[in-house]
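Position one of the sequence shown corresponds to residue 161 (my numbering), numbered consecutively onward. Yeah, the Cβ is synthetic: ideal placement off N, Cα and C, and Gly gets one too. Worksheet: one structure, shown below.
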Amino acid sequence: MGDTMDGTKQRRRGNTRQRIQDVALELFAEQGYEKTSLREIAERLEVTKAALYYHFKTKEEIIVSLFEDLTQPIEELIEWGRQQPQSLETKQEIVRRYGQALHDAAPLFRFMQENQATVRELSIGEMFRNRMLGMRDIVVDPDADLVDQVRCVSALFTMHAGMFVLKDLEGDPEDKRKAVLEVATDLITQAHKGA
Numbered sequence: 161m162g163d164t165m166d167g168t169k170q171r172r173r174g175n176t177r178q179r180i181q182d183v184a185l186e187l188f189a190e191q192g193y194e195k196t197s198l199r200e201i202a203e204r205l206e207v208t209k210a211a212l213y214y215h216f217k218t219k220e221e222i223i224v225s226l227f228e229d230l231t232q233p234i235e236e237l238i239e240w241g242r243q244q245p246q247s248l249e250t251k252q253e254i255v256r257r258y259g260q261a262l263h264d265a266a267p268l269f270r271f272m273q274e275n276q277a278t279v280r281e282l283s284i285g286e287m288f289r290n291r292m293l294g295m296r297d298i299v300v301d302p303d304a305d306l307v308d309q310v311r312c313v314s315a316l317f318t319m320h321a322g323m324f325v326l327k328d329l330e331g332d333p334e335d336k337r338k339a340v341l342e343v344a345t346d347l348i349t350q351a352h353k354g355a
């Protein structure tokens, strides 16, 4: 195992808590959340169950911690957006940063999509809805025409679709990301013209 780890894992390797999160997510993706035990996570990490327990008592704690860590940039973006003037530049910057945050949290969102029942049971479903409402509030101008409000919400959905739906489309992932960003930015820009 040692030398085959790629750069990202190498960087995160020193941090046991993050290594547990990474490995848990890998196992959840391979065999499903329900079928994965803490013991298996410990085994793949080559640590004792007690060592794992020091950081996390349950699988739920691992997922919630991952969710908090990976969506922190979205939380920060919402805070930032609330303090900015409602200019077109601000909204375009919000869309750009949101695209980056979604990209960085992609493994987590894949988990959420593939384990919807689990997500509904865990507290992350509620947390996720709150993040989405926060994003909506910083891109949608409540005084705008309904059509322009819909355009702004559609920009956010375009970003989400870019993560899930477009995976199966032909083409370079980087090109797809650029295309998604362009469409989302177009929607935001059009909405602004309406205002």
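- Two segments are said to touch when three or more pairs of C-beta atoms, one from each, lie closer than 8 Å; by this definition the stretch 292–310 does not touch the stretch 325–341.
- According to the DSSP assignment, Gly192 belongs to no alpha helix (DSSP H), since it is labelled neither H nor E.
- In the three-state scheme derived from DSSP, where H, G and I count as helix and E and B as strand, Glu236 is classed as helix.
- Judged by beta-carbon spacing, Ile254 lies beyond the 8 Å limit of Ile222, meaning their Cβ atoms are not closer than that value.
- Between Arg177 and His215, the gap from beta carbon to beta carbon is short of 8 Å.
- For Leu293, the enclosing alpha helix (DSSP H) stretches over residues Ile284 to Val299.
- By the C-beta density criterion, Phe317 is exposed, having fewer than 16 other C-beta atoms within 10 angstroms.
- In this structure, DSSP gives Val207 a state outside helix and strand, which the three-state scheme calls coil.
- By a beta-carbon distance limit of 8 Å, Arg311 contacts Gln350. Their separation comes to about 6 Å.
- Each residue's CA atom was taken as its position, placing Arg256 and Lys219 some 33 Å apart.
- For a cut-off of 8 Å, the C-beta gap from Ala202 to Leu212 is around 4 Å, short enough to register as a contact.
- Here Ala344 is buried. Its C-beta has 16 or more other C-beta atoms within 10 Å.
- Note that the C-beta distance between Ala261 and Leu226 is not below 8 Å.
- Between Lys338 and Val299, the CB-CB gap reaches or exceeds 8 Å.
- DSSP, read as helix, strand or coil, puts Glu330 in coil.
- The alpha-carbon of Asp305 is positioned some 10 Å away from that of His352.
- Classified as exposed, Gly354 has fewer than 16 neighbouring CB atoms from the shown chains inside 10 Å of its CB.
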